[in-house]
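Q: Oh and the sequence shown: position 160 is 140 in my numbering, straight run, nothing missing.
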Amino acid sequence: MDMAVQQLTELPPVTMTFIGGVFTLGLLQFLGFASEIHYIFLWKGIVQRHEYWRFITPFFYFGKLNIDLALRAYFLSRHPRMLEEGCYRHNVAEYAWIMLFAAANLLLIAVAFPKISPPFLGSSLLSAITYLWARRNEGVRVSLLGVFTFTAPYLPWVTLAMSYIANDEGPGRDHRGRPIKVSHHDEMPQEPGLSGRDKTLIFELIGMFIGHVIFFLEDVYPKFSSGSRPLAPPWVYVQRWLDNSRERTEEVYVEEHNTDYAAAPAPTQRLTDSISHSEIPQAGTSTSAQPTHREGLVHRLGDEP
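1. Tell me the rounded alpha-carbon separation between residue 86 and residue 229.
2. I want to check one thing, is the minimum distance from the CB of residue 206 to the heavy atoms of the ligand PLP below 7 Å?
3. For residue 194, count neighbouring Cβ atoms within 10 angstroms of its own Cβ and tell me buried if that reaches 16, exposed if not.
4. May I have the straight-line CA-CA distance separating residue 106 from residue 42, to the nearest angstrom?
5. Helix, strand or coil: which one does DSSP assign to residue 5?
6. By how many angstroms is the C-alpha of residue 50 removed from the C-alpha of residue 0?
7. DSSP three-state call for residue 122: helix, strand or coil?
8. Whole angstroms is fine: what's the gap from residue 178's alpha carbon to residue 210's?
9. Report all residues from its chain with a CB closer than 6 Å to the CB of residue 45; omit the five preceding and five following residues, and keep chain order.
10. In chain order, what residues of the same chain have a beta carbon less than 6 Å from the beta carbon of residue 77, not counting five sequence neighbours either side?
11. Considering only their Cβ atoms, is the gap separating residue 101 from residue 90 smaller than 8 Å?
12. Going by CA-CA distance only, name the one from 53, 123, 63, 40 that's closest to residue -14.
13. Can you name, in chain order, every residue of its own chain whose Cβ lies under 6 Å from the Cβ of residue -12, other than the five neighbours on each side?
14. Going along the chain, which residues of its own chain have a beta-carbon closer than 6 Å to the beta-carbon of residue 188, five neighbours each way excluded?
15. Straight-line CA distance for residue -9 to residue 219?
16. Taking buried to mean at least 16 other C-beta atoms within 10 Å of its own C-beta, is residue 140 buried or exposed?
17. Would you mind stating whether residue 83 and residue 39 have Cβ atoms separated by less than 8 Å?
18. Buried or exposed for residue 217, going by 16 or more other Cβ atoms inside 10 Å?
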């Protein structure tokens, strides 16, 4: 237990924020300020009653605050932490962008297909992160309970199978199989033949697919497109645009400066032109009538006795 607490206190920023959200929602429920129904993704509540927090809370709820949640948070943070400390050690903001991209896509699919959407989306988001870590660490060997050992690419599938076996959700039940109490104006979708466990399984598969999309756009596609990254954060494109604008401005300035410099005569040329112009006789005068300085000097020397 002490090791788990120590590991949680040493989490990197993005993973710490995620686990902090998990504990915050668990604490609010423990203190009686909220319950599961306040955290689930309910499109009707968002549209009709403007409960916009439901865009966020489905990703952070994993149960009421207790010892079980603390131990569970330790395992939940493992792969997000390894991904952040490994691939995004020096680029935390980009890791936050990757998680935001995955969460936004899960929300879009939940809105588009409400009949297959589970009440909570945290496990689906973790499926995407786990898949991304596994694909970027294909040579790493993973041990399950100290008994089974396999390479990292199999980890998402093993986790999916264990989650499905351990999950006993039904329609209108939370991630621990307990019935979710709803008020008279909240209606949980009840689909015959499609249990809450099936919905969770479907969305965890969707999370793995989103993780594969991220892996392809970030790790595979740039190798065939001269380094182009379609999934780069928006600020990367803004910085690139600013750099290109600055380079174009500098090029225009240098070109205009060089043009003005080339059009102006050189200093030696201006001096030569001024001397040549002073030696040209004026119109209407003869050259003999205007003796040069040397001729005048010879004449004066000849007049001396």
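Heads up, the beta-carbon is just placed ideally off N, CA and C, and yes, glycines get one too.
Here the structure is a predicted model, which is why all the values come from computation and not from measurement.
A: Short version:
1. Taking the sequence shown and counting its residues from 1, one reaches residue 86 at position 106. Taking the sequence shown and counting its residues from 1, one reaches residue 229 at position 249. Spanning the two alpha carbons is a distance of roughly 42 Å.
2. This structure does not include the ligand PLP; it has no bound ligands of any sort.
3. Translated into positions along the sequence shown, residue 194 becomes position 214. Residue 194 is buried by the Cβ-count criterion.
4. As a first step, residue 106 must be located in the sequence shown, where it is residue number 126. As a first step, residue 42 must be located in the sequence shown, where it is residue number 62. Residue 106 and residue 42: Cα-Cα distance of roughly 12 Å.
5. Position 25 of the sequence shown, counted from the start, is the residue given in the question as residue 5. In the structure shown, residue 5 adopts helical secondary structure according to DSSP, grouped into three states.
6. Taking the sequence shown and counting its residues from 1, one reaches residue 0 at position 20. Taking the sequence shown and counting its residues from 1, one reaches residue 50 at position 70. For residue 0 and residue 50, the distance between alpha carbons rounds to 11 Å.
7. Residue 122 sits at position 142 when you count from the first residue of the sequence shown. Looking at residue 122 - three-state DSSP - the assignment turns out to be strand.
8. Position 198 of the sequence shown, counting from 1, holds the residue named residue 178. Position 230 of the sequence shown, counting from 1, holds the residue named residue 210. Those two C-alpha atoms are separated by around 33 Å.
9. Translated into positions along the sequence shown, residue 45 becomes position 65. Excluding sequence neighbours, residue 45 sits near 6, 7, 10.
10. As a working note, residue 77 is residue 97 in the sequence shown. Cβ within range, chain order: 213.
11. Counting from 1 along the sequence shown, the entry for residue 90 is found at position 110. Counting from 1 along the sequence shown, the entry for residue 101 is found at position 121. Cβ atoms of residue 90 and residue 101: closer than 8 Å.
12. As a first step, residue -14 must be located in the sequence shown, where it is residue number 6. Selected option, being the one with the closest Cα: 53.
13. In the sequence shown, counting from the first residue as 1, residue -12 sits at position 8. Cβ-Cβ distances below 6 Å link residue -12 to nothing in the same chain once the five nearest sequence neighbours on each side are left out.
14. Position 208 of the sequence shown holds residue 188. Correct list, in chain order: 107, 111, 136.
15. Reading the sequence shown from its first residue, position 11 is the one you call residue -9. Reading the sequence shown from its first residue, position 239 is the one you call residue 219. If you take the alpha carbons of residue -9 and residue 219, they lie about 29 Å apart.
16. The residue labelled residue 140 in the question sits at position 160 within the sequence shown. By the 10 Å Cβ count, residue 140 comes out buried.
17. As a first step, residue 83 is located in the sequence shown; it is residue number 103 there, counting from the start. As a first step, residue 39 is located in the sequence shown; it is residue number 59 there, counting from the start. Result yes, Cβ atoms of residue 83 and residue 39 sit closer than 8 Å.
18. Here residue 217 is taken as the residue at index 237 of the sequence shown, counted from 1. Classification of residue 217: exposed, given that the 10 Å Cβ count is below 16.
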